[in-house]
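Novice:
There are 2 protein chains.
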Amino acid sequence: MSSDTDITTDEQRAREQLVRLSERFYDQFAGGDVPSMEIPTRSKSNIVFDEDAGVWVLGDRHSTRSANSVGGAKKLLKSIYAVEFLANQLDEDRSSTLRELYYLSESWDNEYAQFNDQDESNQLIEDLEVVSGVTREDFHMRPEESGATLMGPLELREQTRRGDRVIHCQEDVGEGGYQIPNNPDTIDFLDHDADFILCVETGGMRDRLVENGFDTDYNTIVVHLKGQPARATRRITKRLHDELDLPVVVFTDGDPWSYRIYGSVAYGSIKSAHLSEYLATPAAKFVGIRPQDIREYDLPSDPLSDSDVNALESELEDPRFKSDFWTEQIELQLDIGKKSEQQALASRGLDFVTDEYLPTRLSEMGVI
Amino acid sequence: MSSDTDITTDEQRAREQLVRLSERFYDQFAGGDVPSMEIPTRSKSNIVFDEDAGVWVLGDRHSTRSANSVGGAKKLLKSIYAVEFLANQLDEDRSSTLRELYYLSESWDNEYAQFNDQDESNQLIEDLEVVSGVTREDFHMRPEESGATLMGPLELREQTRRGDRVIHCQEDVGEGGYQIPNNPDTIDFLDHDADFILCVETGGMRDRLVENGFDTDYNTIVVHLKGQPARATRRITKRLHDELDLPVVVFTDGDPWSYRIYGSVAYGSIKSAHLSEYLATPAAKFVGIRPQDIREYDLPSDPLSDSDVNALESELEDPRFKSDFWTEQIELQLDIGKKSEQQALASRGLDFVTDEYLPTRLSEMGVI
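In the order they appear, the protein sequences are chains G and X.
Okay, so the first sequence: first residue is 36 according to my numbering, each after it adds one.
Okay, so the second sequence: first residue is 36 according to my numbering, each after it adds one.
#1: So with CB distances below 8 Å, who are the chain X contacts of Pro-216(G)?
#2: Should Pro-317(X) and Ser-375(X) be called a contact, given that it needs their Cβ atoms to be closer than 8 Å?
#3: Is Arg-270(X) near Tyr-313(X), with beta carbons less than 8 Å apart?
#4: Quick one: give me the first and last residue of the beta strand (DSSP E) that His-259(G) is part of.
#5: Any Cβ of chain G within less than 8 Å of the Cβ of Asp-148(X)?
#6: Below 8 Å on C-beta distance, what does Glu-135(G) contact in chain X?
#7: Taking all protein chains shown into account, do 16 or more other C-beta atoms lie within 10 angstroms of the C-beta of Gly-238(X), making it buried, or fewer, making it exposed?
#8: Could you confirm whether any beta carbon from chain G is found closer than 8 Å to the beta carbon of Thr-272(X)?
#9: Return no unless some Cβ of chain G is closer than 8 Å to the Cβ of Thr-184(X).
#10: Does the stretch 135-143 of chain G come close enough to the stretch 93-108 of chain G that 3 or more CB-CB pairs lie under 8 Å?
#11: Relative to chain X, which residues along the stretch 92-104 of chain G have a C-beta separation below 8 Å, given in chain order?
#12: Below 7 Å on C-beta distance, what does Tyr-138(X) contact in chain G?
#13: Measure from the C-beta of Arg-266(G) to each C-beta in chain X and report whether the shortest distance is under 8 Å.
#14: Would you decide whether Tyr-147(X) is buried or exposed? Buried here means 16 or more other CB atoms lie within 10 Å of its CB.
#15: Taking Cβ positions only, does Arg-177(G) come closer than 8 Å to chain X?
#16: Which two residues bound the contiguous alpha helix (DSSP H) that contains Met-72(G)?
#17: Please go through the same chain and pick out, in chain order, the residues whose beta-carbon is closer than 7 Å to the beta-carbon of Lys-110(G), but skip the five residues on each side of it.
#18: Of all Cβ atoms in chain G, is any one closer than 8 Å to the Cβ of Gln-158(X)?
#19: Between the C-alpha atoms of Pro-264(G) and Ser-304(G), what's the straight-line distance to the nearest angstrom?
#20: Can you tell me whether DSSP reads Ile-232(G) as helix, strand or coil?
#21: Just to confirm the assignment: which complete alpha helix (DSSP H) runs, minimum length 4, are found wholly within the stretch 308-396 of chain G?
#22: Please classify Trp-292(X): does DSSP put it in a helix, a strand, or coil?
#23: Going by C-alpha to C-alpha distance, which of Asn-157(G), Ser-130(G) and Ala-381(G) sits closest to Asn-217(G)?
#24: Only counting the same chain, and skipping five residues up and downstream in sequence, which positions put a Cβ closer than 6 Å to that of Val-322(X)?
#25: Between Ser-340(G) and chain X, is the shortest Cβ-Cβ distance under 8 Å, so that the two count as touching?
#26: If you follow the beta strand (DSSP E) that Ile-222(G) is part of, which residue opens it and which one closes it?
#27: I'd like the list of long-range same chain contacts for Thr-195(X), defined as Cβ closer than 6 Å, with 5 residues on each side in sequence excluded.
#28: What is the C-beta distance between Thr-132(G) and Gln-378(X), in whole angstroms, given that I count them as a contact (C-beta under 8 Å)?
#29: Using 8 Å as the Cβ pair cut-off and three pairs as the minimum, do the stretch 43-60 of chain X and the stretch 116-126 of chain X touch?
#30: Does the distance from the CB of Lys-113(X) to the CB of Leu-53(X) come in under 8 Å?
#31: Go through the stretch 38-120 of chain G residue by residue and report every complete run of the alpha helix (DSSP H) that reaches 4 residues or more, in order.
#32: Reducing DSSP to helix, strand and coil, say where Phe-286(G) ends up.
#33: Going straight from the alpha carbon of Pro-282(G) to that of Tyr-302(G), what length do you get?
#34: Would you please verify whether the beta carbon of Leu-396(X) is less than 8 Å from any beta carbon of chain G?
#35: Mind checking if Glu-391(G) is an interface residue toward chain X, Cβ cutoff 8 Å exclusive?
#36: Considering Gln-149(X), what are the terminal residues of the alpha helix (DSSP H) in which it resides?
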């Protein structure tokens, strides 16, 4: 997976990888072999920690998809039709959504190549990503929604279908900020005056930080995660970190589901373990809300539900959360039995988060 | 509810209305009366069609909230604390989210004035809107998320805390478009080259229209509704219609829940009937997906679920859907028992929607 931003090269490489897949089938046919495809297994038991990259990646286990059964043959047929569609899409410099691909298959001439449901077509695109080593974005497959925004002292150039746009993410945007495009690899970072990146879970808190001028006062690029972050949001965060050499900190609610949001920024998910090097920012640090904050600041809280407790217990077992910090915090949370939202900081006034909480935490963490 | 965009005037008026509320309590106390507040009833039985405005508004029924019971007295106490908070917020030119208000109440010195849950504080803000005739936006209360975007031949000026921003919604934005701010009354429309407004339910379809250049080919302002539209999205749609004198058409999935999305753009909702004149665009027309389209274009579809059928039957009874068009379409849908998504048009190719479906429908409707 390339992290450069030369779009044409990425597209050419994507197309070549796809065509190579088809050629392999062709060679197998020509050699009198039953066509087959090796696919790395995408399950919890097949993710391993890559010490060098600091991320969880797919292990060595593979399964073979072969045309020696009717089911296997149909799957390979669908793969070939999908590859043809994607190669044409890249030729024509078009793009499409995962859902459009599913519906489009209804127009394919071979009924057996049509998808039964969207899970099947989504799965196939993931298979093609894993097998080809090319990301969905480079196939020009868009998600249904991206939607996250960015605000901060950063000037960028986005290549759009209508020409290049140079945008300063404070001076050229409204209060809503800069809308991250579906494929952030169309962006070049031109100039910046930022000291760090702050990823924020909720819209309410993002708006609070922007209203209070935190991005200008602390030279911060505020990235709105909008709950579980879209791939585009994780990708641009990683690129900001890698290319501008800026620390990344993540600010979420204080509950087990939000720790997973941090985890998906920092370590990637099992579902996208084949993309960890493209999407994950292992150096990202967690600001809060920590269970410790709930206690120290006596924040308004809700009791943990049964599913919260289960999620926390499962995080205690999760290799990605096996650090002293997380063990201590999660055990504390199970002990106090409480969770708090980031906006609960408002119980100490609307400026508490920007005047006291974040400056204190960020300086403890050595970020400011 | 004012529809002009002079922010300072709106803020001053909001503050005056709030102070007037408190003065009324003061006068009641001074006159030896038990303080009370008249609140219009917000229920299905108390909405009536305003023939002049073409929208559903609250009827004449009122209830009285009086301090003659402990519960009533506590509610009035909370109102007074909230009014004080809002008046200060306006003085300081600050803003806050509904959730922040709920948490903030924990810092109030009178324990009885603190909210028990966020439903209670949300409800109170709605009460204050109804009673004062001022919108939440003019109190500077933000929603948790706004999130929708706009793309099209429109130049606007947004007043932000960092100064004015002049933005052309095609030339100065990336592929993601212009992010609509939480309070679109901070916007002045400067110039445009648009023939109509197209409101689109899903992100996938919004991206398709933008990729295919529909906004440039047909001089269209594409507004992404993002499912059930936020108030900011409905407000800017109404202002685009009223101030630029442009037709508004709504393009959604073909199912009962999407017809309600159209309904909320065109007629407003029961919950926000007190805001219909501020948010609703009664002249908005529905493009599709119509049940008739599902049949005529033989679109990929799913069978109606029981809850779909119930929702359609309830729409047949809904005064807002009592037109020949809707009666015919809903009865047809119950008859064929199918629903289709807007992206199902991709089964006829990625360009079908922009080359054929929309041009045909819009010309039938007299929009182009």
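The C-beta atom is built at its ideal place from N, Cα and C for all residues, glycine as well.
This one's a predicted model, so the numbers in the text were calculated from it and none came from an experiment.
Specialist: On the basis of the supplied data:
#1: By Cβ distance, chain X contributes Gly-209, Glu-210 and Gly-211.
#2: Not a contact, by the Cβ cut-off of 8 Å.
#3: Their beta carbons are under 8 Å apart, which means Arg-270(X) touches Tyr-313(X) by this criterion.
#4: DSSP places His-259(G) in the uninterrupted beta strand (DSSP E) bounded by 255-259.
#5: One detail in the question is off: residue 148(X) reads as Ala in this sequence, not Asp. Cβ-Cβ to chain G under 8 Å: no for Ala-148(X).
#6: Counting only Cβ-Cβ distances below 8 Å, Glu-135(G) has contacts in chain X at Gly-239, Arg-243, Gln-378, Ala-381 and Leu-385, in chain order.
#7: So Gly-238(X) counts as buried.
#8: No - not a single Cβ of chain G is within 8 Å of the one on Thr-272(X).
#9: Between Thr-184(X) and chain G, the shortest Cβ-Cβ separation is below 8 Å.
#10: Judged by Cβ distances under 8 Å, the stretch 93-108 of chain G makes no contact with the stretch 135-143 of chain G, as fewer than three pairs qualify.
#11: If you check each beta-carbon in the stretch 92-104 of chain G against every beta-carbon of chain X, none falls closer than 8 Å.
#12: Within 7 Å Cβ-Cβ: Pro-335, Gln-378, Ala-379, Ala-381 and Ser-382.
#13: With 8 Å as the cut-off, Arg-266(G) does not count as an interface residue toward chain X.
#14: Tyr-147(X) is exposed by the Cβ-count criterion.
#15: Under the 8 Å criterion on CB atoms, Arg-177(G) is classed as interfacial with respect to chain X.
#16: Per DSSP, Met-72(G) belongs to no alpha helix (DSSP H); it is in the beta strand (DSSP E), 71-75.
#17: Cβ-Cβ distances below 7 Å link Lys-110(G) to Arg-100 in the same chain, with the five nearest sequence neighbours on each side left out; the list follows chain order.
#18: Not one chain G Cβ lies under 8 Å of Gln-158(X).
#19: Using only the alpha carbons, I get a separation of about 11 Å.
#20: Strand at Ile-232(G).
#21: Unbroken alpha helix (DSSP H) runs of no fewer than 4 residues, entirely contained in the stretch 308-396 of chain G, are found at 311-314, 326-331, 341-352 and 359-371, following chain order.
#22: Here Trp-292(X) sits in helix by DSSP.
#23: Considering only Asn-157(G), Ser-130(G) and Ala-381(G), the residue with the shortest C-alpha distance to Asn-217(G) is Ser-130(G).
#24: Hits under 6 Å: Val-284, Phe-286 and Arg-396.
#25: Not an interface residue.
#26: Where Ile-222(G) is concerned, the enclosing beta strand (DSSP E) stretches over 222-227.
#27: Counting only residues of its own chain and dropping the five nearest sequence neighbours on each side, Thr-195(X) has no CB closer than 6 Å to any other CB.
#28: Thr-132(G) to Gln-378(X), Cβ: 7 Å. Contact.
#29: Yes, since at least three Cβ pairs between the stretch 43-60 of chain X and the stretch 116-126 of chain X fall closer than 8 Å, the two stretches touch.
#30: Their beta carbons are not under 8 Å apart, which means Lys-113(X) does not touch Leu-53(X) by this criterion.
#31: As summarised for the stretch 38-120 of chain G, the continuous alpha helix (DSSP H) elements at least 4 residues long and confined to that stretch are 42-65, given in chain order.
#32: Three-state result, Phe-286(G): strand.
#33: Our two residues, Pro-282(G) and Tyr-302(G), have alpha carbons roughly 15 Å apart in a direct line.
#34: Residue 396(X) is actually Arg in this sequence, not Leu. Cβ-Cβ to chain G under 8 Å: no for Arg-396(X).
#35: It does not: the Cβ of Glu-391(G) has no partner Cβ on chain X nearer than 8 Å.
#36: Counting along the chain, Gln-149(X) falls outside any alpha helix (DSSP H), and DSSP gives it neither H nor E.
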